[in-house]
Amino acid sequence: MRKWGFRHRGGDARKTPPINNRIMTMTDAVQGEKYRIVRIDGGYRLNSRLCAMGFLPDEIFYVSGASRGGPLCVVVKGTKFAIGRGMAERIQIREI
Amino acid sequence: MMIGKEITIALSGNPNSGKTTIFNNLTGLRQHVGNYPGVTVEKKTGETKYKGYKVNVVDLPGTYSLTAYSLEEIVARNFIVNEKPDVVVDIVDSSNLERNLYLAVQLMELNTPLILAFNMTDIVKKSGKKIDISLLSELFGIPIVETVGSRGLGSDKLLEAVIKVVSSRKEKKVEVKYGEEVENEIVKIISVLKEEKALTLKFDARWIAVKLLEQDRDIIDTLKKTSGPKYSKVEEVTTRAIGHITSILRDTPEIIIADGRYGFINGALREAYEEASLKKVDISEKIDRVLTNRILGIPIFALIIWLMFQFVFTLGKYPMGWIELGFGKLSVLITEIVQQGLIRSLLVDGVIGGVGGVIIFTPNIILLFFAIALLEDSGYMARAAFVMDRIMHKIGLHGKSFIPMIIGFGCTVPAYMGSRILENRRDRLVTMHINTFMSCGARLPVYILFAGAFFPAIAGNVIFSIYLIGVVMAVIMARVLRATRFKGESEPFVMELPAYRIPTLKGILIHTWERTWMYIKKAGTVILAISILMWILFTFPMIGNNYSQDYKGQVNEIEQSYQSGEITERELDESIAAIEAKMAGERLAYSAAGRMGRFLEPVFRPLGFDWKMVVATISGIAAKEVVVSTMGTLYSIQEADGQSDSLKTALYKNYHPLVGYNFMLFTLLYFPCMAGMVIFRKEAGTKEMLFQIGYTFLLAWVVAFVVFQIGRLFI
């Protein structure tokens, strides 16, 4: 929510992309909402790992919980994962 | 066709796919736990007989894929490639087909004889979904068997399928395609690879090409090693291919390839499965709302750990008492049968004292691993890591590290073994290396004695301060080790939170038994040898007649005065006991350990220690609680324990309180005991054990040095 402040301040809403196309990182996801993964930026090793666990572009997921400042609980392909914030920041997502 | 009667099958599968249960069902108790050569990845093997075949079963580590992400994955992959098992059985969680089949596809790519075991089919049936197994089997070109591991169903069908695959050996290959762009590049890489014969002997060329595109570190390193300068050509082609794919498809090859695998899986599932859906988070989700709650998560975790601690140590006290009693009786029995002398001393003080002192922890080990297996199999362990990760991450550790650290307050030996719950080697080693500082129960008698002797009014606070310093040291050293010896970016945290499940008793019991047996075996071998060595150190050279006084004459005098009625029987016993204690003290001073104490005294002088404290420290290597009885012997006090007032008085008269406190600090910081070190070696290797011994001693010395030298200025 906070991040949308500039839109009102600048007054130029036309330049802002429509909400459902905005790219953000997994850490910005609202609990319970569904999102689509756009890009994974973890380097070869981490990407392979994430893909094996089911995190790959176009995949739909939702965040089911989080510990404050700690890892997120993410459900993807019917399985729940705990995923560290550092890693979640490297996954770009958008709303669907 | 004649076929060998002995075959080897390897079990592969995702974590939480029920692989271990299937393994247990197949092999029962005929299991052997070891490590894969050169690495600390656990290797479980077992055997079974079926229709005249002797079937060796190898339980590969649970993995999500066969990339080189973790040691486990490399180990699993190398086993399949190098050892060439007759059949690989991939255990698949049928309630989560899509993701589980990802590993299956990678196994197909490896071109190894493969069978899929669709496990937990009961859950799928209950949820009303349908899998057309025979169609799926046809699409994949692989036999599929249905199993329900938790109820022991399907093992025979599985073995039947194994035999069939072994005896038919038909080469039916379904190849996964990754789309035109990638396929073109694969062909180019293969043609370069084919020029270099040495490369393709071990692996399938197509497989290597795919791995190169995925930038698999392990394969790249192997290629570099085997082909030397010729690799540069391969590298060139690969780099160009990766650039090409990335620029056209706008994603790096490893993602495109993963996408291709999932595409292949989904293509098959679309035809054979009612729906590849996302669900199955119903009951688990509700439990998680409580257990991983932002506010309740940590208190609940603390409560569970507290319960576990109580379970392990409070409940363990009773059987420990019985074992102690048993060894006590055994000592008495030996004392009666064997004549006074060296043999008796060896058996009673060396063997029973040493091995018995280790065996006595067996109930703790059993209960601890029972509790850990329960937490792991139910699915809570992953949640505990989730809840604790943020706090532990700050000191450079993993969420799960918290569990062995807590156990360390009870006994360091099971804590070392408990560190196995950490998959990452670096996390595991750091957790083990700092576990020493979580002050174990055996060190408490030492604190009670010294705090009681020097700070009787505030003993409780003094002891608490020692525990606190231990925790602070653990935190500091965790950071130091992370920044130096175990440097490197910390493993990104991602782990499955499996659906909660009711664990099977059989699984838990087998798990508990394995650990316990490993521990008992150690007590019977290495620890026995070290006990005897310690006994020799504390016994030889023998004093013979070189006592400083004529104790025998003194005893005779006292006996005479008793006979003439000058002293009572009680006085007689007391006087003789006092003389015997003095003799024991001199014997100890005369022994190799005593001499070592004198010899090493200059090293410990700057800490304020005298040779007696040095000897006690050496004896503490056997077990920390021995420090108290050694101090007692050195000060010629019979039956010394933490409550002994005469020993406390002796200490108070001989040392400054600062030295007393310093000795407690030293006892806290140097490595726990020989049983601990033996287990440390078993878990982490000789090099790490030596490092543990060296650095804890050094740290103990430095801390005690600083405290004494600074403290001295104020006295």
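Line by line, the protein sequences are chains A and B. With our numbering, the residue at position 78 of the first sequence is 78, and numbering never jumps. With our numbering, the residue at position 204 of the second sequence is 204, and numbering never jumps. C-beta: ideal position from N, C-alpha, C; glycine also. Model, not experiment: these values are computed from the prediction.
If the criterion is Cβ atoms closer than 8 Å, does the pair residue i and residue j meet it?
i                 : j                 : result
PRO616 of chain B : LEU588 of chain B : Per the sequence shown, residue 616 of chain B should be read as Ala rather than Pro. The answer is no: Cβ separation not under 8 Å.
PHE454 of chain B : TYR661 of chain B : yes
ILE96 of chain A  : ARG36 of chain A  : yes
THR466 of chain B : SER439 of chain B : Looking at the sequence itself, residue 466 of chain B is Ile, so the reference to Thr does not match. Yes, the pair counts as a contact, with Cβ atoms nearer than the cut-off.
THR696 of chain B : CYS73 of chain A  : no
VAL81 of chain B  : PHE203 of chain B : yes
ALA272 of chain B : ASP90 of chain B  : no
THR27 of chain B  : VAL58 of chain B  : no
ILE558 of chain B : ILE530 of chain B : no
ILE83 of chain A  : VAL387 of chain B : no
ILE257 of chain B : VAL210 of chain B : yes
VAL312 of chain B : LYS522 of chain B : no
TYR547 of chain B : MET596 of chain B : no
ASN47 of chain A  : ARG94 of chain A  : no
Give the straight-line distance between the Cα atoms of residue i and residue j, rounded to the nearest whole angstrom.
i                 : j                 : result
ASP28 of chain A  : PRO253 of chain B : 27 Å
THR436 of chain B : VAL627 of chain B : 17 Å
ILE343 of chain B : LEU444 of chain B : 32 Å
GLU138 of chain B : ALA675 of chain B : 55 Å
ALA13 of chain A  : MET53 of chain A  : Residue placement at ALA13 of chain A cannot be trusted, given a pLDDT of 41 that sits under 50; what the coordinates show is reported in the next sentence. Rounded to whole angstroms, ALA13 of chain A to MET53 of chain A spans 38 Å at the Cα level.
LYS80 of chain A  : GLN31 of chain A  : 14 Å
GLY356 of chain B : PHE327 of chain B : 7 Å
LEU278 of chain B : LYS77 of chain A  : Because the pLDDT at LEU278 of chain B is just 46, under 50, the model does not fix this residue reliably, and the value given afterwards should be weighed accordingly. Rounded to the nearest angstrom, the two C-alpha atoms are 5 Å apart.
ARG515 of chain B : PHE663 of chain B : 34 Å
GLU566 of chain B : GLN340 of chain B : 31 Å
MET473 of chain B : LEU665 of chain B : 11 Å
ASN461 of chain B : TYR62 of chain A  : 50 Å
ILE715 of chain B : LYS653 of chain B : 16 Å
VAL105 of chain B : ILE142 of chain B : 11 Å
ALA276 of chain B : VAL475 of chain B : Note that ALA276 of chain B scores a pLDDT of 44, beneath 50, so its modelled location is shaky; the value from the coordinates is reported in the next line. Cα to Cα, the separation comes out at about 46 Å.
GLY10 of chain A  : MET24 of chain A  : The pLDDT assigned to GLY10 of chain A is 36, lower than 50, so where the model puts this residue is not dependable; a value taken from the coordinates is nonetheless given after this. Taking the straight line joining both Cα atoms gives about 20 Å.
SER345 of chain B : GLY544 of chain B : 15 Å
GLY488 of chain B : MET542 of chain B : 53 Å
GLY179 of chain B : MET87 of chain A  : 29 Å
GLU571 of chain B : GLN549 of chain B : 21 Å
SER591 of chain B : THR484 of chain B : 41 Å
PRO229 of chain B : GLU235 of chain B : 10 Å
PHE705 of chain B : ILE300 of chain B : 41 Å
TRP535 of chain B : ILE305 of chain B : 38 Å
PRO113 of chain B : ILE74 of chain B  : 19 Å
GLY65 of chain A  : LEU101 of chain B : 27 Å
LYS716 of chain B : ILE421 of chain B : Nothing can be reported for residue 716 of chain B, as the shown portion of chain B is limited to 1 through 715.
GLU574 of chain B : GLY316 of chain B : 37 Å
TYR69 of chain B  : ARG77 of chain B  : 11 Å
SER629 of chain B : ASN424 of chain B : 40 Å
Quick test of your reading: residue i and residue j, contact by CB under 8 Å. State the CB separation rounded to the nearest angstrom.
i                 : j                 : result
VAL162 of chain B : VAL87 of chain B  : 5 Å
HIS430 of chain B : ALA478 of chain B : Here residue 430 of chain B is Val; the residue named in the question, His, does not match the sequence. Sure, about 6 Å apart at Cβ, within 8 Å.
GLY18 of chain B  : GLY62 of chain B  : Actually they are not in contact, since the Cβ atoms of GLY18 of chain B and GLY62 of chain B sit about 10 Å apart, beyond 8 Å.
HIS511 of chain B : PHE369 of chain B : 6 Å
LEU325 of chain B : VAL338 of chain B : At roughly 20 Å, the Cβ-Cβ gap does not stay under 8 Å, so LEU325 of chain B and VAL338 of chain B are not in contact.
ILE693 of chain B : PHE671 of chain B : 5 Å
PRO57 of chain A  : ASP251 of chain B : 6 Å
Bridge partners of residue i, per DSSP?
i                 : result
LYS44 of chain B  : B:VAL33 and B:ASP59
GLY28 of chain B  : The partner list for GLY28 of chain B (beta bridge, DSSP) is empty, contrary to what the question assumes.
ASP739 of chain B : The question about residue 739 of chain B has no answer, for chain B in this structure spans 1 to 715.
GLN727 of chain B : Since the first and last residues shown for chain B are 1 and 715, residue 727 of chain B lies out of range.
MET495 of chain B : A:ALA82
LEU153 of chain B : B:VAL148
PHE61 of chain A  : A:TYR35 and A:VAL76
TYR53 of chain B  : B:TYR50
MET727 of chain B : What the structure shows of chain B is the stretch from 1 to 715, and residue 727 of chain B is not part of that stretch, so it cannot be assessed.
ARG94 of chain A  : A:ILE23 and A:ARG36
ALA66 of chain A  : A:LEU72
ILE7 of chain B   : B:VAL55
ILE257 of chain B : For ILE257 of chain B, which the question treats as bridged, DSSP gives no partner whatsoever.
> What are the complete alpha helix (DSSP H) segments, minimum 4 residues, inside the segment 608-671 of chain B?
Replying inline: 611-619, 626-634, 645-654 and 657-669
>> To test your reading of the DSSP string, which unbroken alpha helix (DSSP H) runs of 4 or more residues are found completely within the segment 273-345 of chain B?
In response: 282-291, 297-309, 315-337 and 342-345
> Where are the beta strand (DSSP E) runs, 3 residues long or more, that stay fully inside the segment 486-549 of chain B, in chain order?
Replying inline: 494-496
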